[in-house]
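Encoded as structure tokens, the structure appears first; notes follow it.
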Amino acid sequence: MGRGTGGRSGLGWWLAVLGLAWLAGCAGAPPQVAGAVPQRADFRMATYNVHYLDLDAGAGDEWGLAEWQARRGPLVAQVRQIGADIVAFQELETRGQGAGADVWEAWLLAALPEYRAAATEFGRGVAVGQPIFYRPGAFRLLDDGFAFFSRPDASFRSIRAIAGYPDAVTWARFEHRESGREVTVFNVHFHFIDTTQRLRSAERVRQMAEVARARGDAVLVAGDFNARRNSRALKIFYEAGFRRARQRGATFHFNTGLHLFGAIDHVLHDDRAVPLGRTGTGTAKVGETWPSDHYPLWTDFRLGRGG
Numbered sequence: 003m004g005r006g007t008g009g010r011s012g013l014g015w016w017l018a019v020l021g022l023a024w025l026a027g028c029a030g031a032p033p034q035v036a037g038a039v040p041q042r043a044d045f046r047m048a049t050y051n052v053h054y055l056d057l058d059a060g061a062g063d064e065w066g067l068a069e070w071q072a073r074r075g076p077l078v079a080q081v082r083q084i085g086a087d088i089v090a091f092q093e094l095e096t097r098g099q100g101a102g103a104d105v106w107e108a109w110l111l112a113a114l115p116e117y118r119a120a121a122t123e124f125g126r127g128v129a130v131g132q133p134i135f136y137r138p139g140a141f142r143l144l145d146d147g148f149a150f151f152s153r154p155d156a157s158f159r160s161i162r163a164i165a166g167y168p169d170a171v172t173w174a175r176f177e178h179r180e181s182g183r184e185v186t187v188f189n190v191h192f193h194f195i196d197t198t199q200r201l202r203s204a205e206r207v208r209q210m211a212e213v214a215r216a217r218g219d220a221v222l223v224a225g226d227f228n229a230r231r232n233s234r235a236l237k238i239f240y241e242a243g244f245r246r247a248r249q250r251g252a253t254f255h256f257n258t259g260l261h262l263f264g265a266i267d268h269v270l271h272d273d274r275a276v277p278l279g280r281t282g283t284g285t286a287k288v289g290e291t292w293p294s295d296h297y298p299l300w301t302d303f304r305l306g307r308g309g
């Protein structure tokens, strides 16, 4: 690109545009503070991509060990302040040579003893990093599991190289202790590059969600869809009768507070789970730290009878 008016270079013009986008993004998404769950709500649901820990990262890398040690405390404080009864996590995993047990997940579970973890144990030595935390005082775990949408064996290395994770869904079925109603939660992290795979995965999750609905469960599909609200991936769920809990603003911010596009993290629900008000989005630093490059989302729900 050549020089613009007043001798401004093409690069300078784009930097100016990015600067304006950053200012607009920050101004358009004021920090939200999670209050107490309203008395008329049955539970609070949250989703959060917390970014993996990379033990092979060099000194100063934003996702390395030292930086993880700095951000993990603020993240715990943030999760506690939200106070959700169910939290669907993505990228809660440890990578690198000699990682062994999943340090990130084990540490977070120990730091949050008020929660238990569902959908966390997998065979074949593969950790997806998509556990579903829940409060045992609010919910009783009935069943849980996972499904891979891309093979974790022969193609696993190439999947890691391209996407950073295998394309999978985790799920957990709960009994809501107070009402006795069943709730099934699907936790997704769709492919961020391969549109065809993302659509294929969305269709598979929709089919699984329909099975849960057919047995009478309230069904929630939450996580990092890597797709915006009017995308083809989300329309697959809309056409099946699911709705997106109302929210506004970005959910991915490049670990800098930079907002360049709309939300890619969402909470979807069927008609047996009725959202109360708008979805909250934690858009502020905790102290001087961004706990992740995504913001957490939370929604209060009332369990309805549905169809």
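My numbering applies: residue 3 is where the sequence shown begins, and numbers increase by one.
Built from N, CA and C at the ideal position, the CB exists for glycine as well.
Item: Just to confirm, is the Cβ distance from R42 to R304 under 8 Å?; Value: yes
Item: Hey, how far is the Cα of W207 from the Cα of Y50?; Value: It should be pointed out that residue 207 corresponds to Val in this sequence rather than to Trp. Taking the straight line joining both Cα atoms gives about 19 Å.
Item: Can you give me the C-alpha to C-alpha distance between T301 and A119, rounded to a whole angstrom?; Value: 20 Å
Item: What's the call for I195, buried or exposed, on a 16-neighbour Cβ count within 10 Å?; Value: exposed
Item: Roughly how many angstroms lie between the CA atoms of G147 and R175, to the nearest whole one?; Value: 9 Å
Item: Would you call the stretch 233 to 240 and the stretch 280 to 295 in contact, with 3 or more CB pairs under 8 Å?; Value: no
Item: Note down the Cα distance separating T197 from V130, rounded to an integer number of angstroms.; Value: 20 Å
Item: Could you check where the alpha helix (DSSP H) with L110 kicks off and where it finishes?; Value: 105 to 113
Item: Check for me: the beta strand (DSSP E) holding R175 runs from which residue to which?; Value: 170 to 178
Item: Where V52 and R74 are concerned, what is the direct C-alpha to C-alpha distance, given to the nearest angstrom?; Value: 9 Å
Item: Specify the secondary structure class of A275 as computed by DSSP and reduced to three states.; Value: strand
Item: Which residues does DSSP pair with T186 in a beta bridge?; Value: R175, V221
Item: With distance defined between alpha-carbon atoms, name the residue in V78, L110, R202, G182 nearest to E95.; Value: L110
Item: Using CA atoms only, rank isn't needed, just tell me which of P138, A72, R82, D63 is closest to P298.; Value: R82
Item: What residue range does the beta strand (DSSP E) around Y50 cover?; Value: 45 to 51
Item: Terminal residues of the continuous beta strand (DSSP E) containing Q83?; Value: Unbroken run through Q83 is the alpha helix (DSSP H), 67 to 84; no beta strand (DSSP E).
Item: Is it a yes or a no for the stretch 258 to 276 touching the stretch 63 to 78, going by three-plus beta-carbon pairs under 8 Å?; Value: no
Item: Check whether the Cβ atoms of A108 and T172 lie closer than 8 Å to each other.; Value: no
Item: On the DSSP bridge assignment, give the partners of Y136 in chain order.; Value: I88, R118
Item: What are the partner residues of T198, as DSSP defines its beta bridges?; Value: In DSSP, T198 forms no bridge with anything.
Item: According to DSSP, simplified to helix, strand and coil, what is F239?; Value: helix
Item: How would you call D87, buried or exposed, if buried means at least 16 neighbouring beta carbons within 10 angstroms?; Value: buried
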